[in-house]
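*Asks:*
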Amino acid sequence: MYKIHKLLLTMPLAFLAGVSPQAFAGGKAEDIQRLRDLLHPISSLSAQFKQRISDADGFELQVSQGLFEVSQPNKLRWIVEQPMSQQVISDGITLWVYDPDLEQLIIQPFDKDIAATPAILFSGDLDSLDSVYFVERLEKDSFLLTPEEEGSLFRSTEIQFDGDKPSAIVLTDTLGQITRISFTGLKLNPPISADQFVFKIPQGIDIIDNAN
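Take the sequence shown: its letters are residues 2 to 213, numbered as in our numbering.
Here's what the structure looks like:
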């Protein structure tokens, strides 16, 4: 299965022990409510992204950039433009991962493993937020999300806001590798055609179909 940490979706473990007495399952009520207040108005989003991946010692492993778009429910486009092009597109039912340089397309279901990643932040399913993550507000409008169940790819997810707009997502995996995704030119609730979230298969490419 394609590793989701290469996408914004596969951004994202073990539940962190040691919950404070003031917190309950899911985190403090005021922290959860503030994050919900910021996410609730977002029905679609479009932005340029820059992704930096560093190892546990801070050594930079990879830098990529491109276009990120989401629309409820569970529709997404993650278009890597540099250094090597790649397209990750989903209509909420099917996920397509296309590597133009390899002329290869992987097709798979948009299943619960993907839905349980930080994609839930933009899916509109905010009722599940505090059951999937333990939410902790850090400073200003920055939130640390720790998965409530074992088996995640990532140990934690931090989402940062600039005003009412998401500005960055920082993912830390179980080995300490850090993926930072920062957004520029972000637009909230732009009209995005549903056709944009259905991949149009080119002729003459190698197709690996795991959807059936």
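Glycine residues also receive a C-beta, built at the ideal position from the N, C-alpha and C atoms.
Bear in mind that the values here come from a model prediction, so they are computed numbers and not experimental data.
For K76, tell me which candidate among I182, I54, L172 and S47 has the shortest Cα-Cα distance.
*Replies:* The shortest C-alpha separation from K76 is found at S47.
*Asks:* Considering only DSSP beta bridges, list what K29 is partnered with.
*Replies:* Partner(s): none; K29 has no beta bridge.
*Asks:* Go to K201, then tell me how far its beta strand (DSSP E) extends in each direction, as first and last residue.
*Replies:* That residue, K201, is in no beta strand (DSSP E); it is neither H nor E in DSSP.
*Asks:* Taking the continuous beta strand (DSSP E) assigned at L189, which residues delimit it?
*Replies:* L189 -> beta strand (DSSP E) spans I179 to L189.
*Asks:* Considering only the alpha carbon of each residue, which of L62, I90 and D56 lies closest to L68?
*Replies:* The option with the nearest alpha carbon to L68 is I90.
*Asks:* Cα-Cα, which of K201, F155, V133 and F111 is closest to E149?
*Replies:* Per the Cα distances, V133.
*Asks:* With a threshold of 7 Å on Cβ separation, who are the neighbours of G186 within its own chain once the five nearest residues in sequence on each side are excluded?
*Replies:* Same-chain partners within the cutoff: A48 and Q49.
*Asks:* Under three-state DSSP, which class holds R111?
*Replies:* For the sequence presented, residue 111 should be read as Phe rather than Arg. DSSP places F111 in coil when its eight states are reduced to three.
*Asks:* Taking all protein chains shown into account, decide if D142 is buried (16 or more other Cβ within 10 angstroms of its Cβ) or exposed.
*Replies:* Label assigned to D142: buried.
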